[in-house]
Amino acid sequence: MIERQQKKQRMSRVVKHNNTIYLCGQVCADATKPITEQTQTMLDKVDKLLLEAGSDREHILSATIYVKNMSEHFAPMNTVWDAWVIEGHAPARACVEVSMAREELLVEISVIAASK
Amino acid sequence: MIERQQKKQRMSRVVKHNNTIYLCGQVCADATKPITEQTQTMLDKVDKLLLEAGSDREHILSATIYVKNMSEHFAPMNTVWDAWVIEGHAPARACVEVSMAREELLVEISVIAASK
Amino acid sequence: MIERQQKKQRMSRVVKHNNTIYLCGQVCADATKPITEQTQTMLDKVDKLLLEAGSDREHILSATIYVKNMSEHFAPMNTVWDAWVIEGHAPARACVEVSMAREELLVEISVIAASK
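Chains as they are written, first to last, in our numbering: chain A, 14 to 129; chain B, 14 to 129; chain C, 14 to 129.
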């Protein structure tokens with residue numbers, strides 16, 4: 014009834030239940046990079062996880078986006094985000110300013126998606 | 014299987030799947046106003062979206078409330094919130110302090126609800 | 014269709030719908046204590062609520078953990094968390110830095126779980 018993928022002790026990267034998929038918080042591939050590249054590589058990881066979970070970018074239900082500094086990062090994050098979202102398939106979304114697990118992380122995303 | 018309403022490129026205001034409704038983060042109608050009016054007009058928008066989604070205030074499952082300044086805004090936000098919630102139908106709730114997309118925003122809410 | 018437990022005017026501690034359980038944000042039992050004890054007593058409360066809801070620690074789907082100060086609290090919170098999670102049953106997780114409802118609170122958790 015619950016399927017967990019890429020299980021570690023601290024968290025599972027993917028948890029499926031009731032045709033709904035919960036991803037663990039995704040950050041960039043390289044935190045030395047500026048916000049646009051952090052956002053793009055973060056979204057690349059979301060794509061990869063969703064494909065492995067039997068879903069895809071068109072099936073995202075809800076996304077919570079965390080940015081480190083709203084005045085600096087909101088606009089460039091949105092530019093990358095808006096280009097990534099499939100027209101007509103945008104999720105519900107909230108975006109707030111917080112600090113993340115490492116000082117150099119500028120953006121993180123929590124995703125809930127539907128199974129295909 | 015997924016129904017999206019009020020779709021824009023960046024986000025859909027309402028996403029329905031599996032009898033569950035995800036609303037995009039709602040803020041006030043007028044950010045020049047103090048916290049009580051920001052909270053009330055934010056909750057008015059939640060009411061409107063839920064009705065459009067075929068649900069209502071009695072069917073909220075979970076709410077995450079973001080306030081800009083906990084010591085200033087928590088008590089007055091709660092006064093408006095407590096009066097708005099239908100007795101016996103309160104959702105699960107968490108409330109944390111963050112900054113939001115615009116400097117003048119004092120409160121934002123993420124809602125998950127059930128279809129009627 | 015929606016079952017609410019431990020209902021108060023402001024929030025219900027447990028909300029069940031569609032085999033999914035939403036817990037209200039849980040904090041420690043005693044906020045004068047350091048982060049390790051705050052984390053442990055917070056997780057004890059999650060255990061208790063999940064049991065009362067007809068679920069348990071093995072059925073958590075998603076957890077959002079809020080810590081007050083990432084550089085001080087992330088490592089000790091994780092030590093307690095890692096020991097608490099049942100091997101092979103870790104939820105999806107995100108952890109961000111925010112302030113909470115009271116100044117002395119160092120950690121809070123939002124949980125979505127599956128019914129057994």
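Glycine is no exception: its CB is placed at the ideal position from the N, C-alpha and C atoms.
Owing to the predicted nature of the structure, the values given are computational and were not obtained by experimental measurement.
Taking all protein chains in view, the Cβ of Arg115 of chain B is surrounded by fewer than 16 other Cβ atoms within 10 Å, so the residue is classified as exposed. Annotation: the region 39 to 72 of chain A contains the following complete segments of the alpha helix (DSSP H) (minimum length 4 residues), in chain order: 48 to 65. Shown here for Lys46 of chain C: same chain residues with a beta carbon closer than 8 Å to its own, the five before and five after excluded, namely Thr54 in chain order.
Counting the other Cβ atoms within 10 Å of the Cβ of Ala88 of chain C gives fewer than 16, which makes it exposed.
For the pair of segments examined, the region 26 to 39 of chain B was found to touch the region 97 to 115 of chain A: the number of CB pairs separated by less than 8 Å reaches three. DSSP places Ala103 of chain B in the coil class of the three-state scheme, outside both helix and strand. Taking the C-beta atoms as reference points, Glu121 of chain B is found no nearer than 9 Å to Ile73 of chain B.
Distances from the CA of Lys61 of chain C to each of C:Ala42, C:Thr49, C:Ile48 and C:Val109 were compared; the closest alpha carbon is that of C:Ala42.
Membership of Ala96 of chain B in any beta strand (DSSP E) is not indicated; the residue belongs instead to the alpha helix (DSSP H) covering Met83 to Trp97. Rounded to whole angstroms, the gap between the alpha carbons of Leu118 of chain B and Leu36 of chain A is 28 Å. Listed in chain order, the positions of the region 91 to 105 of chain B with a beta carbon within less than 8 Å of a beta carbon of chain C are Asn91, Trp94, Asp95, Val98, Glu100, Gly101, His102, Ala103, Pro104 and Ala105.
For Ile125 of chain B, the closest Cβ of chain C is nearer than 9 Å.
Residues of chain A whose Cβ lies closer than 9 Å to the Cβ of Gly38 of chain B are, in chain order, Thr77, Ala105, Arg106, Ala107, Cys108 and Val109. Between the C-alpha atoms of Ser68 of chain A and Ala44 of chain A there is a straight-line separation of about 27 Å.
DSSP places Gln19 of chain B within a strand segment (E or B) once states are collapsed to three.
By DSSP's assignment, Lys29 of chain B forms a beta bridge with B:Glu16 and B:Ile34. For Val93 of chain A, the CB contacts under 6 Å within the same chain, skipping 5 residues up- and downstream, are Thr49, Thr52 and Gln53 in chain order.
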